[in-house]
Structure formats: C-alpha cells, structure tokens
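Novice:
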Amino acid sequence: MTDQLENSYDVVIVGGGAAGLNGALMLGRSRRSVVVIDAGRPRNAPAEGVHGLLALDGIAPSELLERGRTEVRGYGGHIVDGDVVAVELGEEGFTVTLADGRAVRGRRVLVATGLVDEIPDIPGLRQRWGRDVVHCPYCHGWEVRDQAIGVLGTGPMSVHQALLFRQLSADVVYFADIAPPTAEQAAQLDARGIRVVDGDVASVEIADDRLVGVRLTDGTLVARDAVAVASRMVARAGFLAPLGLVPVAHPSGMGEHIPTDPTGRTEAPGVWVAGNVTDLSAQVGAAAAAGAMAGAQINFDLVNEEIQQALIPQT
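Read in order, the letters of the sequence shown correspond to residues 26 to 340 in this note's numbering.
(1) Tell me the DSSP secondary structure of Gly-182 in three-state form.
(2) Could you give the distance in angstroms between the alpha-carbon of Ala-70 and the alpha-carbon of Cys-164?
(3) Using only alpha-carbon positions, find the residue among Gly-139, Pro-287, Glu-281, Arg-98 that is nearest to Gly-300.
(4) Please classify Arg-94 as buried or exposed, where buried requires at least 16 other C-beta atoms within 10 Å of its C-beta.
(5) Note down the Cα distance separating His-185 from Leu-135, rounded to an integer number of angstroms.
(6) Please classify Leu-7: does DSSP put it in a helix, a strand, or coil?
(7) Would you be able to state if there are at least three C-beta pairs under 8 Å between the region 219-238 and the region 112-121?
(8) List in chain order: all unbroken beta strand (DSSP E) runs of 3+ residues lying wholly within the region 46-107.
(9) If I follow the unbroken alpha helix (DSSP H) through Gly-280, where does it start and stop?
(10) Since Ala-173 and Ala-248 are thought to touch, with beta carbons under 8 Å apart, how far apart are those beta carbons, to the nearest angstrom?
(11) Can you check the region 226-312 for any alpha helix (DSSP H) of at least 4 residues that lies completely inside it and give the ranges in chain order?
(12) Helix or strand or just coil, what does DSSP make of Ala-124?
(13) What is the DSSP secondary structure of Gly-175, counted as helix, strand or coil?
(14) For Leu-123 and Phe-264, what's the separation of their Cα atoms in angstroms?
(15) Where does Ile-38 sit, in a helix, a strand or coil, going by DSSP?
(16) Opposite Ala-111 in the DSSP bridges: which residues?
(17) Considering only the alpha carbon of each residue, which of Gly-166, Arg-130, Asp-142 lies closest to Gly-77?
(18) Run the CB neighbour count on Ile-147, radius 10 Å, all protein chains shown included, and call it buried at 16 or more, exposed below.
(19) Thinking C-alpha only, which one of Pro-267, Gln-152, Gly-295, Ile-283 is nearest Ala-251?
(20) May I ask which residues mark the beginning and end of the beta strand (DSSP E) holding Arg-220?
(21) Which residue wins for smallest C-alpha separation from Asp-82, given the options Ala-212, Gln-334, Gly-310?
(22) Nearest to Gly-126 by CA position, among Arg-133, Val-302, Val-109, Met-318, is which residue?
(23) Taking C-alpha atoms, which residue in Gln-192, Ser-183, Gly-218 lies nearest to Thr-207?
(24) Should Glu-96 and Leu-50 be called a contact, given that it needs their Cβ atoms to be closer than 8 Å?
(25) Out of curiosity, what's the CA-to-CA distance linking Val-273 and Met-279?
(26) If you reduce the DSSP assignment to three classes, tell me which class Gly-155 lands in.
(27) Which same chain residues end up closer than 7 Å to Arg-261 when comparing Cβ atoms and leaving out the 5 residues on each side of it in sequence?
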C-alpha cells in the first residue's frame, strides 16, 4: 500500500528504513506534514531477523518495516514508493525529483537511504550474503556461534573482526588473502587460537544450499560452516550532489559516508541525514534513534522559522 504523493510537505524523507520511518514518526507526532519516499531496497532484506533490538529481537525485517509504516500513517504521514534521483534547492524550498518524473516540494529534507555493502568479487559470497556469509558479530554472531567460522582478510578491520568472532566460537580461521596481519596482529590471533591461512581465496564452496568451505587458488579446501567478511560500506547519496553533498571517506576506513553534526544536520542548510548513510556501523536500533533525533531537530528548526516569520510586522 502506498499513498498519493501531494505537491508539497513540511518534510520530505528519502528512505523508508528504521531511520526514515522513525524520523517520520516524530514529525507526524509533531503535526508536521511528511512523506517517506522509499525505493524498497533495504540493506537487511536477506537476513531472517533483526537482532539486538530491544523487545523486538528476531523480528523479520519486512515485518518491522510494515509495523513502522502503519505507525507513520497513523499520524498522517504518507508512504510513497519511488527512486529519488535529485534534490535541489529553489526559492520555494527543496524540490525532490523521482526517477519516474514525479516531483515534490519540501521545506526540509531528511535523507535516510542507508548504504551499499561492497563485498569482494569472490564466487559464492554474494549468493550467501546475509545467510552463512555475514559481516557483523552483533547482528549475526549468535546465529553462527560454536560453528567453524572463516574470516576473510579484505581490509583494515578484518583482524578486529576475527577477534570479535572468536568470542562466539573456538574454531575461527583467518584467511590472510589481501590483508595479511601485521606482526602485532599475528601475535593477537595466535594468542586467541585463531589459525592464519595464507594464500589467495578463490571461492566460497556451497553444497545442498549451505556453505561448506573456503577454497584457495591452489585448490585447497578449508572446511567452514560460516564466513565473515568486512564489506566496504558506501552511502547511497548520489542524488545529493546538486546540494554539494557527496560521500567522503569515513574516519574508520570502512567506507564512505555523509558527515553531520550530532543531530544529523549536514553542511547543506535544511538537509539532515540519519542512519547508515552517515553512521556506517549503526544497527537498526541506533539508526532508528538517529532518525528520531533528526526528526525532532527538524521540527525545532521549522518552529524557529515560523517564530521569525510571525515576528515580521504585518502591513
């Protein structure tokens, strides 16, 4: 179910995940007109459940979104399916343009489009992504506990990732691949009983719809039940270029994000962002909280604008 897109709103929210919907909820409860434009490509769609979310641990991602949409509609918010291709600032506020040619105006814009996980082009990885190929020990670690876990060395956070997964299983192997450990890191891995396997990774082997191991380019197969890989995370934000907002390198080295102040405000006046588009490591709960913060701050910004307009002498 979607709602009719009107000509203008107080706030246009781009992205209908946890951050966008919670921002819409706060704005709707503040009696703001708000629309959420959602492209329908949630990052966690392959996962069976959302984890680490108090009172809703294990809820299916689709169910969580549907509940959120219902709550937003309960406060008068609109939910519209569509891809946003540009956001531009004009004399009457922002114009948000969709791929199908539709356009809508907003006094403020909240961007909560999340990120894209870029993973190595290794056969089998993308096919099993979110199932027995995982990335976050807090999102998926419990589900692979006590299994034989392989961690692929793909970047600066890979050794850290291996040490975290060691908390969940006594059988962890680190595949050095393109990110061999330093001497200090090798000592840490050895101290925790994590075996390091040298050589390039050729593929992730699958049999009977489950992961069975990691194959090296020399033909060696290392049996594994699950594989962890650190993705390169890149904000979905190309449509913000007309406003001078482009993703930049995240200080962690994990990818690219849109920088903000603590409330989600960007360098472009009138534009806020929330969730993974700025905080690459945020889980669902943190993304939702950021959306709530941004929604409240946008309402406060609009209140101040309305106060200033009311103070202007009427002629």
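Positions of the beta carbon are idealized from the N, C-alpha and C atoms, including for glycine.
Only a predicted model underlies this, so the values are computations on that prediction, with no experimental measurement involved.
Specialist: This is what the structure holds:
(1) The sequence shown places Met at residue 182, rather than the Gly named in the question. Three-state DSSP puts Met-182 in coil, outside helix and strand.
(2) Spanning the two alpha carbons is a distance of roughly 13 Å.
(3) Residue nearest to Gly-300 within the set Gly-139, Pro-287, Glu-281, Arg-98 is Gly-139 (criterion: CA-CA distance).
(4) Buried, since its Cβ has 16 or more Cβ neighbours within 10 Å.
(5) Going from the Cα of His-185 to the Cα of Leu-135 covers about 33 Å.
(6) Beyond the ends of the chain as shown, which are 26 and 340, falls residue 7; an answer cannot be given.
(7) No contact exists between the region 112-121 and the region 219-238.
(8) Segments of the beta strand (DSSP E) lying fully in the region 46-107: 59-63, 103-106.
(9) Per DSSP, Gly-280 lies in no alpha helix (DSSP H); the unbroken beta strand (DSSP E) holding it starts and ends at 280-282.
(10) The C-beta distance from Ala-173 to Ala-248 rounds to 6 Å, short enough to meet the 8 Å contact threshold.
(11) Restricting attention to alpha helix (DSSP H) runs no shorter than 4 residues, the region 226-312 encloses none.
(12) DSSP places Ala-124 in the coil class of the three-state scheme, outside both helix and strand.
(13) Three-state DSSP puts Gly-175 in a strand.
(14) Straight-line Cα distance between these residues: approximately 10 Å.
(15) DSSP places Ile-38 in the strand class (E or B) of the three-state scheme.
(16) DSSP links Ala-111 through a beta bridge to Thr-122.
(17) Checking every option, the nearest Cα to that of Gly-77 belongs to Gly-166.
(18) Looking at its Cβ environment, which holds 16 or more other Cβ atoms inside 10 Å, Ile-147 is buried.
(19) The residue with the shortest Cα to Cα distance from Ala-251 is Gln-152.
(20) Where Arg-220 is concerned, the enclosing beta strand (DSSP E) stretches over 220-222.
(21) Among Ala-212, Gln-334, Gly-310, the Cα nearest to that of Asp-82 belongs to Gly-310.
(22) Ranking Arg-133, Val-302, Val-109, Met-318 by Cα distance to Gly-126 puts Val-109 first.
(23) The shortest Cα separation from Thr-207 among Gln-192, Ser-183, Gly-218 belongs to Ser-183.
(24) Yes, they are a contact pair.
(25) Each residue's alpha carbon lies about 11 Å from the other.
(26) Residue state, collapsed to three classes: coil.
(27) The residues are Thr-138, Gly-139, Leu-140, Val-141, Val-302.
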